[in-house]
Amino acid sequence: MSELALYGIPNCDTVRKARRALDAAGVSYRFVDVRKDGIEEAQLRGWVDRLGWETLVNRRGTTWRQLPEDQRAGLDAERAIALMGEHPALIKRPVIEFEGAVYVGWNTENAIRLGAA
């Protein structure tokens, strides 16, 4: 069985909820703090190729709202990858890699998939 990797920011409520559920279920995982540890462009590119940049960019958060309008307008995959690399808080959280799949967010469906429901 492959290692579960959970990417996020420790003070994010959704990431905290996911970590609590995984811990309570005894599911082993590796946590990657994307703000502190950073995120490789190749990693972001792989996620965008699989899920689409629209799925990954968090347009509801403070980081997005604080970006200048010219950076938010006309976004495409290349610009989204660059922005997420520069501002990791723009990545929807958590991003979970497990057994070759990539999931975004923490919900009942993902909890069941990962054995934490």
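In terms of the numbering used here, the sequence shown has 20 at position 20, counting the first letter as 1, and numbering is strictly consecutive. Think of the CB as a built atom: it goes at the ideal place given N, C-alpha and C, for glycine as much as any other residue.
Item	Value
Under three-state DSSP, which class holds E97?	strand
Hey, how far is the Cα of E99 from the Cα of D37?	22 Å
Thinking C-alpha only, which one of V57, Q66, E78 and E86 is nearest P94?	V57
What is the rounded straight-line gap between the Cα of A116 and the Cα of A5?	14 Å
Output the boundary residues of the beta strand (DSSP E) element that contains V32.	Y29 to D33
Any idea what DSSP makes of A73, helix, strand or coil?	coil
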